[in-house]
Amino acid sequence: QQQVKQSPQSLIVQKGGIPIINCAYENTAFDYFPWYQQFPGKGPALLIAIRPDVSEKKEGRFTISFNKSAKQFSLHIMDSQPGDSATYFCAARSGGGADGLTFGKGTHLIIQP
Amino acid sequence: DVKVTQSSRYLVKRTGEKVFLECVQDMDHENMFWYRQDPGLGLRLIYFSYDVKMKEKGDIPEGYSVSREKKERFSLILESASTNQTSMYLCASSLRQGDGYTFGSGTRLTVV
Numbered sequence: 042q043q044q045v046k047q048s049p050q051s052l053i054v055q056k057g058g059i060p061i062i063n064c065a066y067e068n069t070a071f072d073y074f075p076w077y078q079q080f081p082g083k084g085p086a087l088l089i090a091i092r093p094d095v096s097e098k099k100e101g102r103f104t105i106s107f108n109k110s111a112k113q114f115s116l117h118i119m120d121s122q123p124g125d126s127a128t129y130f131c132a133a134r135s136g137g138g139a140d141g142l143t144f145g146k147g148t149h150l151i152i153q154p
Numbered sequence: 038d039v040k041v042t043q044s045s046r047y048l049v050k051r052t053g054e055k056v057f058l059e060c061v062q063d064m065d066h067e068n069m070f071w072y073r074q075d076p077g078l079g080l081r082l083i084y085f086s087y088d089v090k091m092k093e094k095g096d097i098p099e100g101y102s103v104s105r106e107k108k109e110r111f112s113l114i115l116e117s118a119s120t121n122q123t124s125m126y127l128c129a130s131s132l133r134q135g136d137g138y139t140f141g142s143g144t145r146l147t148v149v
């Protein structure tokens, strides 16, 4: 059973556009929701994370929106640049970290110049 | 910056071989993890460890074992490699439970 569902699988956006990647979960025990960015040949790197006591978090051009009642969260990239082209993974964790992260299947994002 | 180093970038092994994948972190992190990454399946947790000589099964432990004899080193062992274990293997560490992960660059294993 997939615990974190991520969509879309791939996304192409023009430079300056706002790509949006969505994730949904079922496990109400999840209490930490990070996003990771992965470039080819590299391991994933933590981009931004949110806990369910807030509905939005911004770091630079990256924003997480969180809807606890709908059990959904999304990543928005403002003023997207070709350098943002990468694979993005959402993830979730429960139990204060007692278990490992559960990842979505990833979104391959391309920002066209 | 924390560094997580995986000993090999690419490995080719034969079916039935015993395979060792090594991971070392240099910042005294308590927690270490092994994931495999496959196209369309994302990252799936194989095993993790919160302390020396301690291990916990993840979501897909079958066919794998791990060893953590020292705090900085976490080894993934494929007891008898099979072709369906061809994958990218990623090691990660975190300082404490609840912290974000630092990943290594991965080992791409091909079993022929």
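These protein sequence lines map, in sequence, to chains A and B.
Mind the numbering: the first sequence is residues 42 to 154 in the numbering used here, read in order.
Mind the numbering: the second sequence is residues 38 to 149 in the numbering used here, read in order.
Yeah, the Cβ is synthetic: ideal placement off N, Cα and C, and Gly gets one too.
Sixteen is the threshold: since fewer than 16 other Cβ atoms of the shown chains lie within 10 Å of the Cβ of Ile59(A), the residue is exposed. Residue environment analysis places Asn121(B) among the exposed positions, since fewer than 16 neighbouring C-beta atoms fall within 10 angstroms of its C-beta.
Look at the stretch 118-135 of chain A: the residues with a C-beta under 9 Å from a C-beta of chain B are Phe130, Ala132 and Arg134. In this chain, the beta strand (DSSP E) harbouring Thr104(A) covers Phe103 to Asn108.
At least 8 Å separates the beta-carbon of Lys46(A) from that of Pro123(A). Across the set Ser106(A), Ser135(A), His117(A) and Ala127(A), the C-alpha of Ala127(A) shows the shortest separation from the C-alpha of Thr148(A).
DSSP lists Ser112(B) as the bridge partner or partners of Glu59(B). Taking 8 Å as the upper bound for CB-CB distance, Phe140(B) and Ala86(A) are in contact here, some 7 Å apart. The DSSP-derived three-state label of Pro75(A) is strand.
Against chain B, the CB of Leu142(A) has a partner CB under 8 Å away; the residue lies at that interface.
The alpha-carbon separation between Leu78(B) and Met119(A) amounts to approximately 27 Å. Shown here, Thr128(A) sits in a strand according to DSSP, grouped into three states. Closer than 8 Å to the CB of Ser142(B) there is at least one CB belonging to chain A. No Cβ of chain B is located within less than 8 Å of the beta carbon of Tyr66(A). Buried is the label assigned to Thr144(B), since at least 16 other Cβ atoms lie within 10 Å of its Cβ. Taking 8 Å as the threshold, the shortest C-beta distance from Ala70(A) to chain B does not fall below it.
Counting only residues of its own chain and dropping the five nearest sequence neighbours on each side, Phe103(A) has a CB closer than 7 Å to the CB of Leu88, Ile89, Leu116 and Ile118. Look at Thr123(B) here: in three-state DSSP terms it is coil, with no helix or strand label. Following the DSSP letters along the chain, one finds Val95(A) in no beta strand (DSSP E), marked with neither H nor E. In the DSSP assignment, Glu106(B) falls within the beta strand (DSSP E) that extends over Tyr101 to Lys107.
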